[in-house]
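A.B. asks:
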Amino acid sequence: MALDQYREEEEEEGMSFLDHLEQLRWHLVRSVAAVLIFSVLAFLSKSFVFGQVILGPSKVEFFTYRMLCKVSEALNIPALCIDELPFILQSRQMTGQFSMHMTSSLVVGLIVAFPYVFWEVWRFISPGLYSKERNAARGAVFFVSLLFFMGAAFGYYILSPLSINFLSHYRLDPSIANEFDITSYISTLVMLVLASAVMFQLPVVIYFLSMSGLVNAAMLKSYRRHAIVVILLLSAIITPPDVISQLLIAMPILVLYEAGIMIAKRLERRRREEREEEDY
Numbered sequence: 001m002a003l004d005q006y007r008e009e010e011e012e013e014g015m016s017f018l019d020h021l022e023q024l025r026w027h028l029v030r031s032v033a034a035v036l037i038f039s040v041l042a043f044l045s046k047s048f049v050f051g052q053v054i055l056g057p058s059k060v061e062f063f064t065y066r067m068l069c070k071v072s073e074a075l076n077i078p079a080l081c082i083d084e085l086p087f088i089l090q091s092r093q094m095t096g097q098f099s100m101h102m103t104s105s106l107v108v109g110l111i112v113a114f115p116y117v118f119w120e121v122w123r124f125i126s127p128g129l130y131s132k133e134r135n136a137a138r139g140a141v142f143f144v145s146l147l148f149f150m151g152a153a154f155g156y157y158i159l160s161p162l163s164i165n166f167l168s169h170y171r172l173d174p175s176i177a178n179e180f181d182i183t184s185y186i187s188t189l190v191m192l193v194l195a196s197a198v199m200f201q202l203p204v205v206i207y208f209l210s211m212s213g214l215v216n217a218a219m220l221k222s223y224r225r226h227a228i229v230v231i232l233l234l235s236a237i238i239t240p241p242d243v244i245s246q247l248l249i250a251m252p253i254l255v256l257y258e259a260g261i262m263i264a265k266r267l268e269r270r271r272r273e274e275r276e277e278e279d280y
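Going letter by letter, the sequence shown gives residues 1 to 280 in the working numbering.
(1) So, are the CB atoms of valine 35 and valine 117 less than 8 Å apart?
(2) Would you check if there are 3 or more beta carbon pairs closer than 8 Å linking the stretch 53–70 to the stretch 118–125?
(3) From the DSSP output, read off the bridge partner residues of leucine 89.
(4) Quick check: the Cα distance between threonine 95 and serine 187, rounded to an integer number of angstroms?
(5) When the distance is taken between beta carbons, is tyrosine 257 closer than 8 Å to leucine 167?
(6) Please look up how many angstroms separate the CB atoms of isoleucine 253 and methionine 199, rounded, as I've assumed it's under 8 Å.
(7) DSSP three-state call for valine 255: helix, strand or coil?
(8) Please look up how many angstroms separate the CB atoms of alanine 42 and serine 105, rounded, as I've assumed it's under 8 Å.
(9) Using a 10 Å radius around the Cβ and a threshold of 16 neighbouring Cβ atoms, would you call tyrosine 170 buried or exposed?
(10) Note down the Cα distance separating glutamate 273 from lysine 221, rounded to an integer number of angstroms.
(11) How far does the alpha helix (DSSP H) with valine 204 in it reach, from first residue to last?
(12) Let me know the beta strand (DSSP E) ranges lying completely inside the stretch 47–75, each 3 residues or longer, listed in chain order.
(13) Specify, as a first and last residue, the run of the alpha helix (DSSP H) that asparagine 165 falls within.
This is the structure:
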């Protein structure tokens, strides 16, 4: 059924509160089913998903480390090359490896199914919007999904490897060996990837707030210093306690904040043009 036809039928039927709840239930059921399907596929692909993807940043053969070594050779800066990760992974609980296999499969399933899940959420929300608002939010599923995957890729290929490298080399005393539990490793990796994916949604949040009239470009500019402080604090919370990792996630978020200001300006300019056309 086409989405436009779906909206028209809803408007014609005048759905009750219970009808909306039933509709929401089916949207949630389909979303959960999609996540579970991809999670099962990830669970069955253990050698690739776990051996290559999840444990990738823990190996010196990882893409980011190899690229840094090439940059190190080109710039003649040996310190950039990461050719050693002095830690080992352990499982200290009997069910540790199996539970982490389940957890990591669910996370992979959620990330892969995110566009479909958001599409289901958008299908439920969009009929309640005015036609003008729906037109203004056209392409929301695409841009939200794009920013989500860009953030996840940034967290996986940039933030996670550098954080793992820092934490693996950090020692209070040479006599203390870094032997990380697999639960701690996966939790850190998942937190960095998902946090980056969520924080990359900042332009979308600003777009909808600006579209609803809650914020404008002038307000965003006046609170720029406050936003910088908040972004740095959030970066310090979700990253390991090293300045490089904090700046690595703060810089793209600041760029996205500036992009949000440009988006707000564009929306205000469009509103002025529409008002001028109506007055004319």
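Just so you know, even glycine gets a beta-carbon here, dropped at the ideal spot from N, CA and C.
C.D. replies: Considering the structure as presented:
(1) Remark: C-beta atoms of valine 35 and valine 117 approach each other more closely than 8 Å.
(2) No, they do not touch.
(3) Beta-bridge pairing by DSSP links leucine 89 to Phe180.
(4) Going from the Cα of threonine 95 to the Cα of serine 187 covers about 16 Å.
(5) In this structure, leucine 167 keeps its C-beta atom at 8 Å or more from the C-beta atom of tyrosine 257.
(6) By a beta-carbon distance limit of 8 Å, isoleucine 253 contacts methionine 199. Their separation comes to about 5 Å.
(7) Of the three classes helix, strand and coil, the one that applies to valine 255 here is helix, per DSSP.
(8) Confirmed, about 4 Å.
(9) Result: exposed.
(10) For glutamate 273 and lysine 221, the distance between alpha carbons rounds to 22 Å.
(11) Valine 204 -> alpha helix (DSSP H) spans 202–211.
(12) Taken in chain order, the complete beta strand (DSSP E) segments of 3 or more residues contained in the stretch 47–75 number zero; there are none.
(13) 160–169 is the span of the alpha helix (DSSP H), which, as asked, contains asparagine 165.
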